[in-house]
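Structure first, then comments.
Residue numbers (our numbering), protein chains in the order written: chain A, 1 to 321; chain B, 322 to 642.
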């Protein structure tokens, strides 16, 4: 019998009872101390993988309580347990993201939630460029200062929610400059907002948990060549498209509809997708390239290339192999 | 001072204290009874709008506690309060959706969440056709039986989570046939799943809270005409595309990438988008039509029409005005 309890703040009576009854209690030192777990019944986190190995090696029938931060089913521990064949019971708690939104009283059904914890920060930056309300699970060097630096030049507010549920919990609303210079306590989550939390909310249609879709009626007039370039690149939320040349405007509009970030200037970092009118911009950084002017000859290696003439445009596309 | 407490299950000591201290306590009868609120301090829900009118008319400085079901910031009451200029403090609780996933131990960071509460059921059906894990806020005649009926012929499991947090809470995993015949208690939420909760999880990249994106590498070969039809229609998650004719396969692949539902057979209900090779299918139900064969003459009313020749295809598109 394995049970996972989400926890943000004080343990519930049910968690205390489950922990008392268990052969083993798994969690961070602080949580195990709060539950008065004797040393011989502790599996202390630390690293998750060895703990899961140990749990999956226990005799069946062993009673195990796992204490996890926030909602263990939302960027949480249960996915890794299930991947090892374990099917624990779960008692949930609000995620740190939901708790951060509550601290500033802001609805989050129209937010995008992204993790930069042990992962590249690029997707979080690109989502925050494209959408007005983005929540970030931060980690190590991928925190509020790196977000503020990457979003320099864009008007954004930052909610820094530190040590949620702990006695020294602190939630602050910072402007870009403050976000760039703050010394955050760990752990924390960050909300990146196009408007201050006290400003009026944007329209939201209330149907699907996602940002309000852009109005596509304005996109009826894109050229066939831009439509083809779009179908070849298929920009996605979290990616950055660097667009130049005669198709750039149309493609940027389509990419915006799709939720990708767009830059028409020199990109702040390696773009995921490039539309350009010269061969000189084809570098190692791009996943895909569309050339609308003279194609380079020979074509660079490492791509699947196609040349097409659409509506008078030569469209040369290369998608990284 | 207005404070909103999320509640699913027993009141916390903080909620009890806030309710005791308040001039007014707003909530359902059951919640107000549980908090022992005297009749002269009650604003009973019922309908939300008159309650909000009454709250916004109270003298400033009035202490109000609002008791809301689940997470008041996730398809919850706070958005309506903010729209009236109120900026309440919020103490959150797990949403009924998060609680339903916890009841079956299933991660929900890769789920789509949609409301059919007081809204059409079509978007929920189309999301459940297109994605393997969809959570539905049900309502009235838009519940598990209507979902099961609309999804007939697709292999789906249904988690029916009734009266979460109440003494008679009940969570069941049902197959399509059982879901079609069950008599649900209100309120409830429903999870529509392509796999049983105990089955292994699908791959998920762990970066953004959304379903795993489809692999787009196979879509490099779509024809220019299909790319143009896609750019004209721009199918979105929650919509149903009915595709027929020579471009149907390519367009269906692109629409699948975009997250729209697709049918190549006669559609089970009014489609949002239509691609067809004959004029006879153009009915009043479609938001948009693409004709790849001879265009009807005269063109039906109610659409913005454009005729284009791309790559040898005549592509006639109509987007409902």
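Beta carbons: idealized from backbone N, C-alpha and C, even for Gly. Everything numeric in this text was worked out from a predicted model, so none of it was measured.
query: Helix, strand or coil for residue 15 of chain A per DSSP?; result: helix
query: In the DSSP assignment, find the beta strand (DSSP E) that holds residue 86 of chain A and state where it starts and stops.; result: Here residue 86 of chain A belongs to no beta strand (DSSP E), and DSSP marks it neither H nor E.
query: Please name the residues in the segment 144-158 of chain A whose beta-carbon is closer than 8 Å to at least one beta-carbon of chain B, in chain order.; result: none
query: For the candidate residues B/522, B/322, B/452, B/501, whose alpha-carbon lies nearest to that of residue 425 of chain B?; result: B/522
query: Output yes or no for whether 7 Å exceeds the beta carbon distance between residue 576 of chain B and residue 562 of chain B.; result: yes
query: Taking the straight line between their C-alpha atoms, what separation do you get for residue 580 of chain B and residue 476 of chain B?; result: 18 Å
query: Under 7 Å, Cβ to Cβ, is there at least one residue of chain A near residue 624 of chain B?; result: no
query: Apart from the five residues just before and just after residue 180 of chain A, which ones in its own chain have a Cβ nearer than 7 Å to its Cβ?; result: 145, 148, 149
query: Within a Cβ cutoff of 7 Å, which residues of the same chain sit near residue 327 of chain B, ignoring the five residues on either side of it in sequence?; result: 389, 391, 392, 393, 412, 413, 414
query: Does the Cβ of residue 352 of chain B have 16 or more other Cβ atoms within 10 Å, making it buried, or fewer, making it exposed?; result: buried
query: What span of residues does the alpha helix (DSSP H) with residue 578 of chain B cover, start to end?; result: 569-579
query: When DSSP labels each residue in this structure, what does residue 150 of chain A get in the three-state scheme?; result: helix
query: My guess is that residue 88 of chain A and residue 3 of chain A are in contact by the Cβ rule of under 8 Å, so how many angstroms apart are they, rounded?; result: 6 Å
query: Scan the segment 524-556 of chain B for residues whose Cβ lies nearer than 8 Å to a Cβ of chain A and list them as they occur along the chain.; result: 525, 527, 528, 529, 530, 531, 534, 537, 538, 540, 541, 543, 545, 547, 548, 549, 551, 552, 553, 555
query: With 16 other CB atoms within 10 Å as the buried threshold, where does residue 294 of chain A fall?; result: exposed
query: Could you tell me which of B/462, B/525, B/429, B/440 sits nearest to residue 456 of chain B, measuring between CA atoms?; result: B/429
query: Taking only beta-carbon atoms, is residue 730 of chain B less than 7 Å away from chain A?; result: As shown, chain B starts at 322 and ends at 642. That puts residue 730 of chain B outside it, with no answer to give.
query: Report the three-state DSSP secondary structure of residue 181 of chain A (helix, strand or coil).; result: helix
query: What residue does the alpha helix (DSSP H) around residue 596 of chain B start on, and which one ends it?; result: Taken as a continuous stretch (DSSP letters only), residue 596 of chain B belongs to no alpha helix (DSSP H), being part of the beta strand (DSSP E) at 594-597.
query: With 7 Å as the threshold, decide whether the Cβ of residue 436 of chain B is near any Cβ in chain A.; result: yes
query: I need the straight-line Cα distance from residue 526 of chain B to residue 363 of chain B, nearest angstrom please.; result: 48 Å
query: Between the C-alpha atoms of residue 274 of chain A and residue 296 of chain A, what's the straight-line distance to the nearest angstrom?; result: 15 Å
query: Specify, as a first and last residue, the run of the alpha helix (DSSP H) that residue 377 of chain B falls within.; result: 369-377
query: I need the straight-line Cα distance from residue 132 of chain A to residue 625 of chain B, nearest angstrom please.; result: 31 Å
query: Which one or two residues does DSSP pair with residue 638 of chain B in a beta bridge?; result: B/611, B/627
query: Grouping DSSP H, G and I as helix and E and B as strand, with all else coil, what is residue 263 of chain A?; result: strand
query: Leaving out five residues before and five after residue 369 of chain B in sequence, what residues of the same chain have Cβ atoms less than 7 Å from its Cβ?; result: 398, 401
query: Return the first residue and the last residue of the alpha helix (DSSP H) that residue 448 of chain B is part of.; result: 443-451
query: Please state if the CB of residue 344 of chain B and the CB of residue 375 of chain B are separated by a distance shorter than 7 Å.; result: no
query: How do the segment 219-230 of chain A and the segment 545-557 of chain B stand: do at least 3 beta-carbon pairs fall below 8 Å, yes or no?; result: yes
query: With 7 Å as the threshold, decide whether the Cβ of residue 87 of chain A is near any Cβ in chain B.; result: yes
query: Please list the partners that residue 440 of chain B has in chain A, where partner means a Cβ-to-Cβ separation under 8 Å.; result: 206, 207
query: Mind listing the chain A neighbours of residue 457 of chain B? Cutoff is C-beta to C-beta under 9 Å, in chain order.; result: Neighbours of residue 457 of chain B on chain A: none; closest Cβ ~11 Å, over 9 Å.
query: Please state whether DSSP places residue 214 of chain A in a helix, a strand or coil.; result: coil
query: Pick from A/226, A/189, A/276: whose alpha carbon is nearest that of residue 164 of chain A?; result: A/189
query: Report the residues of the segment 553-583 of chain B with a CB closer than 7 Å to any CB of chain A, ordered along the chain.; result: 553, 555, 557, 558, 559, 575, 578
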